[in-house]
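For what it's worth, our numbering labels the leading residue of the sequence shown as 6, then goes sequentially.
As structure tokens, the structure follows; a few thoughts come after it.
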Amino acid sequence: MIIGAEKSGTTSLVRYVGSHPQVCTHDKREMNYFVNDEEFEEGYPAAYARYFSPCTDTGIRIIAKSVAVSGNLTAVQRLHTHNPDIHLVMVLRNSIDRAYSAYWHAKRRGWEDAADFETAIARELSAECDESKDGDDGTTYLRKGIYADQIAALQMIFSPRQVHVFTFDELKENPLSICRALFSVIGVDESFEPDVSLRFNKAAQARSPQLAKVLSYRGKIKKIIRRLLPRRVSDRLKQRLVSWNEKPLQTPAMKAATRRRLEAYFNPHNRRLEELTGRPFDW
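Given below as structure tokens:
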């Protein structure tokens, strides 16, 4: 399972690995079973039918993506209970760039109403995030970039050999190398070469911020739709509406003063990350 980090190329990676003929994955952007209490209470057989119903071939390897898992200790524990031998993949991106990308992603999905990035991170630092929004703390841009905390939690529960850490730059520069490494881990033909020229989940903005908010918030309307329509149908409808409501975005540059401030903020956390992983990060 690819469990993080958000906005670090994980959608592309799961598509690359999932294109292997001996591998099967889900069509949905995320497998939310371990992080969504409602889905978890329905049980794993229901989740398997929802996400992996086409995966029927004997000996097929299952790969899933749920980037909210890495920052959710309850989800990590659920995952370990479900399969203590699972291999976990983390793709880590410069925490500042990841936070900025996540801000624009939250704007696109209707989770964020702050007019600019600086206001959004100030709100987060003052603990004013609105946790009623669907998206598992979609507006906690800084906390999700403190990778040392996430890796430390994983190392307490899983064996280090099960946690595979790559960087966003490595994925961009040599995606085939990462794919081959993962093919080796899960025991499938390493000579297969996926089409790594494709890019997924590119930066976008909402055509209608109002529609984005409607699609993102929990509420009575969503519960009514769930009662009227099978989950698969409502999920497919929502995904089509989300896709229709998106248009390309050219992200503006981050303010230099903001970047300097965040460099100071993340520096001690990144040095601890180096100690935990035994590898350098030039962030």
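Quick reminder that beta carbons are idealized off the backbone N, C-alpha and C, glycines included.
With 16 as the cutoff for other CB atoms within 10 Å, does Lys149 come out buried or exposed?
buried
Beta-carbon separation (whole angstroms), Ser71 vs Phe39, contact threshold 8 Å:
6 Å
Contact between the region 117–127 and the region 177–185 (3+ Cβ pairs under 8 Å):
no
By Cβ distance, which residues of its chain are closer than 7 Å to Arg83, with the 5 residues on each side in sequence left out?
Phe39, Phe45
At least one CB of chain D closer than 9 Å to the CB of Leu267: is that the case?
No chain D appears in the structure shown, which is made up of a single protein chain.
What would DSSP say about Gly150, mapped onto helix, strand or coil?
helix
List the residues that DSSP assigns as beta-bridge partners of Arg66.
Val28
Residue range of the unbroken beta strand (DSSP E) whose run includes Leu181:
Careful: Leu181 lies outside any beta strand (DSSP E), inside the alpha helix (DSSP H) at 180–191.
So, under 8 Å CB-CB, Leu93 and Gln167 are touching, yes? Tell me the CB distance rounded to an integer number of Å.
6 Å
In chain order, which beta strand (DSSP E) runs of at least 3 residues are fully inside the region 43–97?
93–97
Roughly how many angstroms separate the alpha carbons of His169 and Ala119, rounded to a whole number?
35 Å
Taking the CB atoms as reference points, tell me whether Ile156 and Leu281 lie closer together than 9 Å.
yes
When the Cα of Gly14 is compared with those of Asp102, Arg276, Ile67, Asp287, which residue comes out closest?
Asp102
What separation, rounded to the nearest whole angstrom, lies between the Cα atoms of Ala54 and Glu35?
15 Å
Boundaries of the alpha helix (DSSP H) in which Gly9 is found, first to last residue
From DSSP, Gly9 is part of no alpha helix (DSSP H) but of the beta strand (DSSP E) over 7–9.
Please name the residue, chosen from Ser182, Ser131, Gly48, Tyr105, that lies closest to His87 on a Cα-to-Cα basis.
Gly48
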